[in-house]
Structures are given as structure tokens and as C-alpha cells.
Amino acid sequence: MTSSLLWTPLLFGLIGLALPKRLTGWWATAGTAVTLGLAIALLAGFDSGAAGLQDTVDAEWIPGLGVDYSLGIDGLNVFLLLLTAVLWMAGTAFAAFREQERPHLFFLMLLLGETATLGAFLAQDLLLFVLFFDLMLVPFYFLFGVWGSDRPDGTTASAATLKMIVYTLIGSLLMLVAAIATAIIAADGGQISFSIAELSQHPIAEGSQRWIFWFFAAAFLVKMPAFLLHGWMPDAYRAAPLPALAIFSGVLAKVGAYGFLRVVLPLFPDATVEFQEVVLVIALASILYGSVMAFTQTNVRLIAGYSSVAQLGFITAGIFALSADGADGAVLQMVNHGLVVAPLFVIVAILAERSGTEDLREMGGMAMKAPVLAALFLIVTLATLAMPGSANFIGEFYILNGLFDSKIVFAIVAISGVAMSAYYALRLYQRTMHNRRPDGLESREIGLRDRIVLVPLVLCIVGLALYPQLILKRIDASVQQSVTAATGAPEPKSTVASTPPSNGGNTAISIAVPNFAGDTP
Amino acid sequence: MIAAFHAPDIYYAGLSPVIALTVAICVVLLTAVFQPLRRTAPALTLIALATTAGLLIWQGGEEIDLVSGALRLDDLAIAISLIAVLSAAFAVLLSIREPAVEQAGSGEYHALLLGSVLGMALLAQAQNLVSLFVAIETLSIPLYILCATDLRRERSLEAGLKYLIIGSLGSATLLYGLAFLYGGSGSTDFAGIAAGIGQKGVTGDPLVLIGIALAAVGLAFKTSIAPFHQWTPDVYQGAPTPITGFMAVATKAAAFAVFVRFFDVALISEASEWQPALAVLAAASIVIGNVGALGQSSLKRLLGYSGIAQAGYILGGLVVASEAGVNALVFYLVAYAFMNFAAFAVVVARERETIYGDDIRAVQGLGAERPLLAWPLTISMLGLAGLPATAGFIGKLYLIEALVEGDYTWLAVFIAVGTMISLAYYLRVVAAMWMRPGGETSAAAPAIVGASPEADPIDPEAGRRMYLVAPALLAAAAVVIFGVIPQPLVEFAEHAGASLF
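Chains as they are written, first to last, in numbering that gives the first Met the number 0: chain A, 0 to 520; chain B, 0 to 500.
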């Protein structure tokens, strides 16, 4: 089951090469639909109380090097797999509705990307994880470079993509060295094993943990991207084709955050505790920098891009609160952010198709004759700013709650990020949907094809807002296991997975939101 | 009474690959003499290579001393000889319709190629200083000539001369070093040298140390390890492309085989003396090769510099002086061979098809125009860059594992850093293929400076010819297959490593 989930997309992609051009898109969409079906089936069979791995596959791959083909599902990855399947289907369908140049290659790469991403989430062997983590780059290198757009200022898509690849691979390759070093140090002259579960049983010496921790952290923080390591993001985001970008921003950034929970916390507990505050500072810097950049940008893609930097800062802060609440919130927020940012990019693509520009200053008044689009966009916007009632609110609440418990100073700074998110999200909505409509721009309702893509995504957002326990209940046991690996003893937990957040936090945040929103020009 | 005369005991089965090659050289050379047989030279060469490969595989698993201990046929020798034979076969296929072959004479060209392979097979089996040196000259001298076979092109002649001079310098340095080693240890035999050094306890003996240093320099010339690499880009660019491909793979493999035997067998007791020195050479190679490749616009020069960097990675396998290191080295050599075959086949095809020669413009727009050529080159570049799902990734994994185990983690980090730099130029080639519109590549386009239609006849169908496309596709398929199912190749490499330790 797990294996078929992993390989279905690639199989469809390869068969698609033999089909006529006009069919490849639909065939690929069918492939993602089958994958989504498999992911849902896995979730249905998921035992929500258990902390350990389920549906495991374990086979020798390269016995000579100690690498196993080992996959498994637990609370940490089950919803990320589902998110991957959902977003990929939406992105593929969106692309299939439109004419693509060289469709065979496009959809092959898209589906290869899905297999690689699912592999990174599923892998329970450290080296297999590194392999899939690196492999994710290859299809997106082609997707961004071949179908990307060159900028008028001369930055070509291939140059922007190269920058992205070099940045992200710097981390990945150091991670490869670090992964091998971990296994060899842990084996201590015996049989080398890369199994994450086995490695977490015997953490390596603290001195080695220090440098290995940073090699892994570099890979994950670049991928997110975190502040100071985000240099590739603006160019790549501006060059990327939007369907691919929606998936990239929605899913791939989460692999980095997931890597912290899956690999870093259990394997390098001493270093995690030691560097907790350093990473928290990076996370806070990402929140502040991302938010500030998001409300100064005029390019709609970059607003979404920088808002992702801020949101992933939140997720990182939740993980490094090193409390069960924070990590629960982080996992929930990973899913939420994926579900929010993907429709955001789809809407950006629709807006850009209409207006022929991605500049906020040249947009406006799009809501006039397009109530459905405006309503969908509004839901996405409110979810982005973590409006109380949305699942994002609950995610951020848990994160802040966890952070308050462990590091109150950091929590206070992080709250400002919540407020700022209201500003940039509403600014984006207002400037595009309201205000005066520039000449030559017509307000038109979205067609059936775009509704087919957008409505299910927005329904997911609404559904999660109504019933976040769907996720919280199932992730809790695994998340707690991961966090206690780092902190030692299980902590007393407050409200996770049962009751909605308490009133204190509720009011504190909901007051901040309208204040900043009111400042929107 | 008949005098008890014992004829030397010759183990023909063990010598059979070498004998087959020697006979083949004579036969192929004779085809040059008989007019009606001239066209058969490539076919005969391929048959000879196939026979040799068959004999090598037949001898697999044996460990026998030959010719009074001057040679030794073991799995390492067989593995390296197979790489040499395979790359010669690729070179023969790529040489079909190569102008150089017509100019040099088909019989002579192919006989020289086989001569070089013979030298490599001998080198991989060499067990003492004399056979080592004889073998290295047997492989080098035909290559000096082959480099210069494209008689009408000045660059080809220049490459031949340059290679001759620098190669001789390398050989002389090596020979000088071997003499010192003989003086220091009192033996020409690898095992004898190891015993001699061990007995006298000459750790730090200047005579031996100078010998090691000079021999290392000589071998570094042959494997194009920085800072003894300067000849590589020029010679690679000037030589006929099939020969460049052959040199890039086979010479490197054979020279590394003797590197391994020399250091991991004869000088193993001095390991702590030479390990840091070789590690520094490896690091220098990685940096210089990768940085040098960044600015290249000629694909052959780019592959030349990339070869320098790759030699640095491979040398890492030697530095750790362990079985895992040799395994990793052999694995990487095989992966490197396939990645280079794919790349050179495409370069040859485009060289004949377009007016741009080996310039990077020759592959612009290849993805749309000739997907069957673009994919092999793409896979080759991604493999050389060490991306997953290629044999290159597993090779790097293997090397890094050996390095970390041998306490050379810093060199492993160097490999990672070098790989990052290398992405910039490998992906430039990929970008040219897929992300640029095709140039004016047709034969109708105006000729550019430096290309005379007489010397570079354009064959607009070259990109569709099976003898170029099939090798490229096969090599690329091997890169992917060994990237996904590496276990058979891992076992192959383990056999080779096990024969030394």
C-alpha cells in the first residue's frame, strides 16, 4: 500500500509519455487522483491512537552500504502525504486545463516531483530520506527552468532556477555527509544502519551532534526558506510557472519543517536543546522579515512568497518550542499553510491571466462582477491571516501556547507576526479585489474549470476550520514521541486534541487582528 | 641421459586476455596492408574486444600470479580491464565515420587503440616496478599518436605533441621515483617493497619518501590530478573526440588501478606518511577542476576539467587505504565511465551535425530537436553532479561513507562542496539543452570562423545514426539502472576490493 502510493505517480508519468499530447494532462490528473485515493485509504486505515509506524515496508536496498528501502506512516507524515496528494491533484488539474508547451515532459516532471516528495515524507531510512529530498529538486529544476518566464530586467528563468538549485543543494549535500557520519558514528565499527528508528535509540555523542545538527538544519532551513537563507526565493518565485509554484510553495517547503521533527529532534536531542534558542531567533527573524517584506512588495507572487517565509518561521518556532503543544500546532499549521498558499497561487495565476500583470499597483476592482472568485479569495485570505474560526488560528494558537510555556519572550515577539499577517493578507485582497478598477481591466467571473480546481481546496480549508481535531487527534501521539525524544520526559499537556483553545488566547489575538487591518490604505 | 630441462610453466588461461589482445593488434594492423580488408578493421576490433571481455569474465574470481610474479590476475585487474575494454568498444563505435580514422588509416588507428588497451590490461595486473613501467608506456605511446590522428587540424597535432611531452615528463618522474624506491627497499616487487620497508623500519627514510613523492607525482600526471593537470583540457579539446572519451575513462581507470596497487599494497606500511599528502592532492583537484570548469564554453574542455574534479573524488577512495575505499573507487570508476560514455557520444554526434564543433552552442535546443540525444547528456550531467537516481549519487555516497569511516570527514565535506560548485556548470549544459531555443544548427547556416567545410564535413543526420544514439542511450540507461539498483555493481566493486585486502 505504502509502496504503491509512492510509485503510482511516477508510473502514470512514464505511461503518459506514450500517449498523444492532448491526453497527457488528463492522464496525469488521473494519476494524481489515484494517488489521492490511495492516500485517503491509508488515512482511513490509520490507527489514530498509536505512536509508532504503521503500514511499514522494509526491504534491503543496498546491503553493501547498509541502506534499506524502508517506508512507514505515522502521525507526523500521514496528513502531509494527504496534503501532497491534494495539492498535486489541484496543481495538475489546473495545468491540464491549460495549454502547456511540451506537455509530455511537463507532466512527467510534475509526477516525478510527486513521487519524490511522497518518498521524502515516507522514508524511514535516513539515506533514503536524503535521496528523495535531493531528488525533489530535479523535476522542479526543469519545471521552473523550462516553463518559467524570463524577467524583463534580464534575469532568465534558468539563471533563477540555478540559483535555487545551488542554494538548496548546498544544504542537501552537507546533509548527505552528515547522514553518513551519523550512521557510522552510531555503528561504532559494527554493521552500519541508516534506519531512523534504530539511530534514535542510541543518540551519538554530543560533540558530533553539534556539527551534524547544523548540517541538517542548513538543508531544512534553506528549503523553507528561513531568513538569511532565503536568497534564492524571490528570483525563483518570480520565474516559476504558477501551477508548479503552487505545489512547490504548498508542499516542498514543508519537507524542511518535517525533517526537523522526523530527523533532527529524535536523532540529535542534545544539540536540539543546546541550539533551541539559536533556531528560535532564526524563526522569529523569519517571521518579522517575511511579514515586513510581504507588506512592502508589489508583486503578488512575492507577497505570497514572503508570507510563506513568515508562516514557516511560525512553524519552526512551534517545533523548537520543544513542547507537545508547539509541535502539534506546527504540524497542523504545515497542513493549513499548504492548503492556503496553493489556492492563493492559483488565484494569483487567474488574476495574472486576466490583467496581464502581476503588479499589485496595476490591479484592482476585480471583485465587481466576480462574486464567487471574491468569496473564495476572501476565505483564503482570512485563513491566511489566521482569523479565529479558521484552522490556521488553532494552529497558531497551539504554536504560541507551546512557545509561551517554554520561552515566553520569544512568544511575545512571535505574536506581532500574527498581527502583521493580517495586514499583508488584507492588503493583497483589497488591492486586487476592491479599489478602483484600472482601465482596460475587466472583472469577469471565474469559469467552471477554475472552480473545479479552487472550490475543493477552499472546501478543505473550511472543513478543517470546522473540525481540526481530524488532524490533531491523529498526530498527537507521534508528535509527542518526537518531542520527548529531545526533551527527555513527557510534559504535562494542556488542551491538545480535545477542547478548542481557551478564551484568554482567543481574545488576545482577535483584538490584534482588526487593529492592524484597520490601517490598510 | 636427457638433461632435465623444465620449460617455464606458463598458465595460458590467465594470460588469455592479454594474448587475445596481442593477436588482435597484429590482425587488425594487417588489414591495413590488404586493400580489400580495410573496411573490416572496426568490426575485427569489436570482435577482439568482445573476445577479451569474454575471457576476462571467464577468469573472474581467479587470483593467480603470472609470468613469475610480474603480473597478477585478480578481480581488481579484471574489473579495471573490463572498463578499459568497454571504453575501447565505445570509442570504436564513436569512431565510425570520424575524419581522424580516414586520415590515420583505419587499420593503424584501431591497432593503436588495441595497443593502448593491452597496456591498460597489463597495468591493471602489474605486480612489480618493471612491469608497471612497461605497461604504462605501452598504454601511453599509442595514445600520444592517437591524439594527433586528426591530421588536418592544428589543434589535434598540438594535443599530440603536448601530451607526448608532458606524458614523457610524467613517465620520467615516475621512473625516477621507482628507482629511489628500489634503492630504499631493495626490491622491485610490490610485496618485496612492502616487506623491505617493513623490515628496515624506514618510516621517514628520505630515500623512500622521495621515491613515494616522485612516483605519486608521475601517477598524478597520468590520472590528471591537480596540480599536474594542466595538459588535460588542451589535450582533451584537441584530440579526436572518440579518443578523448577513451582517454577520459580508460586511462584514468588503469592509472588508478596501479595507484591502488602501488599505495595500498607496496606502500601500505607507510600509509600514515602518504595519506595526508594524497588527501591534499585530492582536495586541490576537486577545487581546481570544478572552478576551472566554470568558465568553459567548449564541452570537451568542460568535461576535461570535470574529469580533474572527478579524479579528485576518486582519489578519496585511495586516501583512506581501506577495503571500503577501494570498493568505492572501483564503483565510482564504473559509474564515471558510463556517465562519460553518454556525454561523449552526444558530443561526437553534435560535432558532426552542427557547425559549432564542441562548443556549448552545439547542444542548444537539443531537448526539442533531438530528445534521444538530449536525455543521455542530461542524465550524464545530472549523474556527474551526483543527483539521486543516478549511479553518480550512489558513487558519491560510497566514497563519502568510506571517507568518514577512514576518519577523513573533512575530505568528504570537500567532495560535497566541490559538488555544489560543479552544479553550476553541469546544469549550464542542461539549461542549454532544455531552456534555450535551438541555434542555427542546420548545415545551411553560415560557417563560423575556424571551421573549414573540408576538415569538418557536416553530416546533418549524425544525430539519428544508431551507432551514436544507441551507445549514448545504453550508457545513460546504465547510469539510471545502477542508480536505482546499485547492488550488482556494489558486489562487483566488493570483489575487486577484496582481492587486495
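Even for Gly, the Cβ is constructed at its ideal location relative to N, Cα and C.
Test item: CB-CB of residue i and residue j under 8 Å
i        : j        : result
B:Thr231 : B:Ile307 : yes
B:Thr240 : B:Phe343 : yes
A:Met365 : A:Leu375 : no
A:Ala95  : A:Trp210 : no
B:Val478 : B:Ala341 : yes
A:Gly328 : A:Ala225 : no
A:Leu425 : A:Thr380 : yes
A:Met333 : A:Ala256 : yes
A:Val272 : A:Ala485 : yes
B:Ala281 : B:Gly315 : yes
B:Ile224 : B:Gly417 : no
A:Met174 : A:Phe215 : yes
A:Ile302 : A:Ala293 : yes
A:Leu594 : A:Phe193 : Residue 594 of chain A lies beyond the range of chain A shown here (0 to 520); nothing can be said about it.
B:Ala238 : B:Ser155 : yes
B:Gly510 : B:Tyr235 : In this structure chain B extends from 0 to 500, so residue 510 of chain B is not present and cannot be described.
Residue i classed as buried or exposed, judged by whether at least 16 other C-beta atoms fall within 10 angstroms
i        : result
B:His228 : buried
A:Thr295 : exposed
B:Gln309 : buried
A:Gly289 : buried
A:Thr297 : exposed
B:Val483 : exposed
B:Ile95  : exposed
B:Arg360 : buried
A:Asp475 : buried
B:Val22  : exposed
B:Leu488 : buried
A:Val512 : Caution is warranted here: a pLDDT of 34 is assigned to A:Val512, below 50, making its placement in the model unreliable, and the coordinate value is therefore given only provisionally. It is buried - the Cβ of A:Val512 has at least 16 other Cβ atoms within 10 Å.
A:Met0   : exposed
B:Trp57  : exposed
B:Glu146 : Reading the sequence as shown, one finds Cys at residue 146 of chain B and not Glu. Per the 10 Å Cβ criterion, buried.
B:Tyr11  : exposed
A:Lys20  : exposed
B:Phe33  : exposed
A:Pro151 : exposed
A:Asp73  : buried
A:Val408 : exposed
A:Arg443 : exposed
B:Ala83  : buried
B:Gly509 : Given a span of 0 to 500 for chain B in the structure shown, any question on residue 509 of chain B remains unanswerable.
Endpoints, the beta strand (DSSP E) within which residue i is located
i        : result
B:Tyr235 : B:Tyr235 -> not in any beta strand (DSSP E); alpha helix (DSSP H) instead, spanning Trp230 to Gly237.
A:Ile72  : Val66 to Ile72
A:Trp60  : Gln53 to Ile61
A:Arg426 : From DSSP, A:Arg426 is part of no beta strand (DSSP E) but of the alpha helix (DSSP H) over Ile407 to Met432.
B:Arg463 : B:Arg463 -> no beta strand (DSSP E), and no H or E assigned at all.
B:Asp149 : From DSSP, B:Asp149 is part of no beta strand (DSSP E); its letter is neither H nor E.
Any chain C beta carbon closer than 8 Å to residue i
i        : result
A:Ser157 : Of the protein chains in this structure, namely A and B, none is chain C.
Host alpha helix (DSSP H) of residue i (start-end)
i        : result
B:Arg300 : Leu298 to Val318
B:Leu117 : Ser105 to Gln124
B:Ile354 : First-last for B:Ile354: undefined, no H or E at that position.
A:Asp475 : Gln468 to Thr486
A:Leu107 : Pro102 to Leu121
B:Asp64  : Careful: B:Asp64 lies outside any alpha helix (DSSP H), inside the beta strand (DSSP E) at Ile63 to Leu65.
B:Leu266 : Note, B:Leu266: premise wrong, no alpha helix (DSSP H); not H, not E.
B:Leu72  : Premise fails: B:Leu72 lies in the beta strand (DSSP E), Leu70 to Leu72, not in any alpha helix (DSSP H).
A:Leu440 : Segment: none, A:Leu440 is in no alpha helix (DSSP H) and carries neither H nor E.
B:Val207 : Pro205 to Thr222
B:Pro503 : With chain B covering only 0 through 500, there is no way to say anything about residue 503 of chain B.
Q) Would you say the segment 100-117 of chain B touches the segment 43-55 of chain B, given that touching needs at least three Cβ pairs under 8 Å? A) yes
Q: Pair every Cβ in the segment 176-194 of chain B with every Cβ in the segment 113-121 of chain B, then say whether three or more of these pairs are closer than 8 Å.
A: no
Q: Would you be able to state if there are at least three C-beta pairs under 8 Å between the segment 80-100 of chain A and the segment 245-265 of chain A?
A: yes
Q. Which runs of the alpha helix (DSSP H), 4 residues or longer, sit entirely within the segment 162-192 of chain A?
A. none
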